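Note that my numbering gives residue 244 to position 7 of the sequence shown, counting from 1, and the numbers run on in steps of one. For reference, the structure discussed in these notes is given below.
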Amino acid sequence: MSDAAPPARTAAVIPAAGRGVRLGPGAPKALRMLGGTPMLVHAVRAMSASRAVSLVVVVAPPDDVAGVRALLDEYPAPERTDVLVVPGGATRQESVRRGLDALPDSVTTVLVHDAARPLVPVDTVDAVVEAVRDGGAPAVVPAVPLADTVKEVEPAGDGTPEPVLGTPERARLRAVQTPQGFDRATLVRAHREITGEVTDDAGMLERLGVPVVAVPGHEEAFKVTRPLDLVLAEAVLARRRVNDGF
238 MSDAAPPART AAVIPAAGRG VRLGPGAPKA LRMLGGTPML VHAVRAMSAS RAVSLVVVVA
298 PPDDVAGVRA LLDEYPAPER TDVLVVPGGA TRQESVRRGL DALPDSVTTV LVHDAARPLV
358 PVDTVDAVVE AVRDGGAPAV VPAVPLADTV KEVEPAGDGT PEPVLGTPER ARLRAVQTPQ
418 GFDRATLVRA HREITGEVTD DAGMLERLGV PVVAVPGHEE AFKVTRPLDL VLAEAVLARR
478 RVNDGF
């Protein structure tokens, strides 16, 4: 019997317990159809397309774990990738934490990916994994330069004109995407120590003083949040099917 440690593994956690109200009434955002296939399935396929990812943990609405499991069984991932479904929590942070709790001990690198980014290319996934594994960075985010000038304003919240406070230097700004990649132990520590409103896992590590680095993202890794985003995603998917046989 060998005493050698099991090989290090990379897992992806996909929090998909939210309702996605900005897309309008209907199914939860992750279960909306894109090209005839639920968005969540596209997101799982995007993670499992990377040969580095051996496990995908989907964090489902607590009242629909069986339904999500049945759905994913209809669209199986490659044989090399295991898919696990666990119930989510009341917040995104709690859902990610539950996904982390479900990981086996052999997982050392964790990707956290938005179910609403269904079309992220595999090269982006691989670049994030490589930066964590081989680059030694405890936290890695894919990011793209901003096309628009950004203004800092005093929020009004009621639709009235908002005073402009300043114009950040655009060359120093990036729009952050997912999957975000982490050293597992460091991410677990962040979820244990950071509380309050959290929208970005890398931001939690920043609050701990942990270095975070950015690698090039991709324009097709955009987030499907509003109806117009869904139209764009359909167009991207249609182009892929024509050009790549996707």
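Quick reminder that beta carbons are idealized off the backbone N, C-alpha and C, glycines included. These figures come from a predicted structure and were not determined experimentally.
Exercise. Which full runs of the beta strand (DSSP E) of 3+ residues lie inside the segment 317-367, going along the chain?
Worked result: If only uninterrupted beta strand (DSSP E) runs of at least 3 residues are considered, those enclosed by the segment 317-367 are 319-324, 344-349.
Exercise. Residue range of the alpha helix (DSSP H) that Pro453 falls in?
Worked result: Counting along the chain, no alpha helix (DSSP H) covers Pro453; the unbroken beta strand (DSSP E) around it starts and ends at 450-453.
Exercise. Looking at the structure shown, is Ser287 part of a helix, part of a strand, or coil, going by DSSP?
Worked result: Ser287: coil per DSSP, three-state reduction.
Problem set entry | 3 or more residues per run - each beta strand (DSSP E) lying fully within the segment 365-448 | Taking only runs of at least 3 residues, the beta strand (DSSP E) segments lying wholly in the segment 365-448 are 376-382, 401-403, 411-413, 417-420.
For this session: Closer than 7 Å by C-beta to Asp363: which residues in its own chain qualify, once you throw out the five before and the five after it? Chain order, please.
Result: Taken in chain order, the residues that qualify are Ser287, Ala289.
Exercise. Residues bridged to Leu292 by DSSP?
Worked result: BP columns for Leu292 point to Ala248, Asp319.
For this session: Could you check if Met270 is buried or exposed, using at least 16 other CB atoms within 10 Å of its CB as the buried criterion?
Result: So Met270 counts as exposed.
Exercise. Among all the DSSP beta bridges, which residues are the ones paired with Pro464?
Worked result: Answer by DSSP bridge pairing: none, since Pro464 is not bridged.
Problem set entry | Three-state secondary structure (DSSP) of Ala297 | Taken through DSSP and simplified to helix, strand or coil, Ala297 comes out as strand.
Exercise. Roughly how many angstroms lie between the CA atoms of Ala458 and Pro400, to the nearest whole one?
Worked result: Roughly 32 Å separates the two Cα atoms.
For this session: Just mark Pro313 as buried or exposed, buried being the case when its beta carbon has 16 or more other beta carbons within 10 Å.
Result: The residue is exposed, with fewer than 16 neighbouring Cβ atoms inside 10 Å.
For this session: Note down, in chain order, each residue of its chain lying with its Cβ closer than 8 Å to the Cβ of Met238, except the 5 sequence neighbours on either side.
Result: Unreliable positioning characterises Met238 in this predicted model, as indicated by a pLDDT of 41, which lies under 50. A coordinate reading is not provided.
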